[in-house]
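Down below is the structure, laid out as structure tokens.
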Amino acid sequence: MKIKPSLSKGTRDFLPSEVAKRNYIFDTIKSVFRKYGFEQIETPAIEKLETLTGKYGEEGDKLLFKILNSGDYLAEVRNQKSAISELEPQEITPLIAEKGLRYDLTVPLARYVVQHQDQLAFPFKRFHIGPVWRADRPQKGRYQEFYQCDADVIGSSSLLNEVELLKIYAEVFEKLRIANCELRINNRKLLEGLAEYHGLKDHFESVITGIDKLDKITKEQLLESYVKLGMPSNSIDSLKNLIEDITLKSDLVLTDILDGKKKTTIGQVGAKELNFVYESFIKNYSGQVKITKDYTLARGLNYYTGLIVEVKINGFAIGSLGGGGRYDNLTEIFGGQNMSGVGISFGIERIYDMMEELNLFPEHIAEGVKVLLVPRDSQTEEYTFRQVQTLRDAGIPAEIFLGNVKKQKQFAYAEQKGISYIVEIGANEMESGNFRLRHVKERQEVGSGFTLSELLQKLS
RNA sequence: GUGGCUGUAGCUCAGUUGGUUAGAGUAGUGGUUUGUGGUACCACUGGUCGUGGGUUCGAGCCCCAUCAGCCACCCCA
């Protein structure tokens, strides 16, 4: 029976040319990570469900891919007192699935650090690149399987880590030649202080998720959504004031928090941290990438406790190309001692889309093999095969074309694979031991009658 | 989880008010031609028209349902 070839929703195949471009991005990021002393780790795609469940909120649990147990996966269900039809789905899940696909690289990191703490050198600086899976509805630029690319420092609360990570951002985007890049930073403690001042301490989480949307919706729409959520009206007024504060786009708020009437202990700490990171980055960086303080930046994830950062591209309608921040309590849930961590993440799917659209990939991104040797007929095939070995032994990446003898096919093959030269070998070449060299893209003969050493010279 | 759009060959798409045996380009396979310059020529393969039902003498086309994919929300990268 024939099966129609198709992909599972939200997943993609990558053509050789696409992989080459993706690797170009990965390699660029990796080289910068390594330069700053980050080491690569790997963790399994599969984690125990107990590791993953409950770390991403109720919504997140729904988006986890669960793996059905092997063998008689209904055994546990049969052991239950109630009939299967009486059980809620979330009650059945742990009975039939004990594993799941990882949802991000951060929770596996927390598990990893606690589990291997005796073997790690702290502060632990690691990077991790790999696919993660989420069962949400795909749409443009959003997939069920996508790559994350993270760098984190665990076990050091120095703010210079923040500065270093910002420098990594700047360096990577410079290397990728992405212009108009802006690092926006803010501090969760500062926001917390403001919330406290406005009497919104108890609603901090919904305040955070709300103001994170301010770049998409208006202040009025935001306040409306709070009303709908059932927030008391006196809190709404406070929220209004808070939103006024942060959308001022001026450092007036900052001075207010530091020394003025909006002073709170936690707010002061946040403001000082923010200033330090900002000033220090400017002092220690001289490139193109801009940095700005953005008091409306909140970031949705609720584990952030200090600096938060997002990468924006000015003049290009795309979401952020990366984000990160400091988190203080990540290892706690796995029984580790309270280690502070700070990390950044590159949104490589978006970086790819953007570079593709703006034509930012170098032309010869993956130099394929240099030369394609084509035997003219079956008589010269074996001789050609030996010549390929000779070229390879001399360090020239070379390939023999073993297929359809149509010339169009040969050239099409070379062209598609980005092979620069073709050497066709017929009876004449076999007898004389000479080579005739043609350039594929220019559609021109370079010359004929070359000796082996002449050929090597032309190709290297 | 909510809404919108789209399903015809591996891919891109035609397909008349509903009327014989569903077409083209491209890709694939085979061949013709050329001791050397590639976009030439010929043939072939490939489709349960997403699936199931309904209307009709007759459905790729009309109706209903369903599934899938995409897009936009929620959320996120």
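Residue 193 in the numbering used here sits at position 187 of the first sequence, with consecutive numbering throughout.
The beta carbon of each residue, even a glycine, is placed where N, CA and C say it ideally should be.
Per DSSP, Arg332 is one residue of the beta strand (DSSP E) stretching across Gly328 to Tyr333. In terms of Cβ geometry, Leu55 and Val113 do not form a close pair [threshold 8 Å]. Gly216 sits in a helix when the DSSP states are folded into three classes. DSSP, read as helix, strand or coil, puts Leu80 in coil.
Only residues of its own chain outside the window of five on either side were considered, and among them Val446 and Lys447 have a CB closer than 8 Å to the CB of Glu421, listed in chain order. Here Lys318 carries a strand assignment [DSSP, helix/strand/coil]. Listed in chain order, the non-local C-beta contacts of Tyr333 below 7 Å within the same chain comprise Tyr309, Tyr310, Thr311 and Gly347, local neighbours out to five positions each way being set aside. Judged by DSSP secondary structure, Asp156 falls outside any alpha helix (DSSP H) and instead within the beta strand (DSSP E) spanning Glu151 to Ile160. Apart from the 5 residues on each side of it in sequence, His134 sits with its Cβ closer than 6 Å to the Cβ of Ile47, Leu111 and Asp156 in its chain, given in chain order.
Here Phe441 is bridged, per DSSP, to Phe456. Around the C-beta of Lys268, 16 or more other C-beta atoms lie within 10 Å, and the residue is accordingly described as buried. For the pair Leu220 and Val317, the CB atoms are not nearer than the 8 Å cut-off. Positions of the alpha helix (DSSP H) runs, each at least 4 residues long and wholly inside the stretch 358-437, are given as 384-399 and 413-423 in order along the chain. At a Cβ-Cβ threshold of 8 Å, Met436 and Thr396 do not count as neighbours.
The C-alpha of Gly236 is placed about 28 Å away from the C-alpha of Glu94. According to the DSSP assignment, Arg183 belongs to no alpha helix (DSSP H), since it is labelled neither H nor E. Sorting Asp124, Pro137 and Asn186 by C-alpha distance to the C-alpha of Tyr109 places Pro137 at the top. Rounded to whole angstroms, the gap between the alpha carbons of Thr261 and Asp300 is 15 Å. One alpha carbon belongs to Ser326, the other to Asn335, and they sit about 25 Å apart. Boundaries of the beta strand (DSSP E) harbouring Arg132: Phe130 to Trp139, taken from the DSSP string.
Ranking Phe128, Asn186 and Arg392 by CA distance to the CA of Phe44 puts Phe128 first.
The Cβ atoms of Ile428 and Val380 lie closer than 8 Å to each other.
Taking 8 Å as the cut-off, the beta carbon of Gly331 is found closer than this to the beta carbon of Arg305.
Tyr301 sits in coil when the DSSP states are folded into three classes, being neither helix nor strand.
According to the DSSP secondary-structure assignment, Leu465 is paired through a beta bridge with no residue. Shown here, Val283 sits in a helix according to DSSP, grouped into three states. Around the CB of Lys41, fewer than 16 other CB atoms lie within 10 Å, so the residue is classed as exposed.
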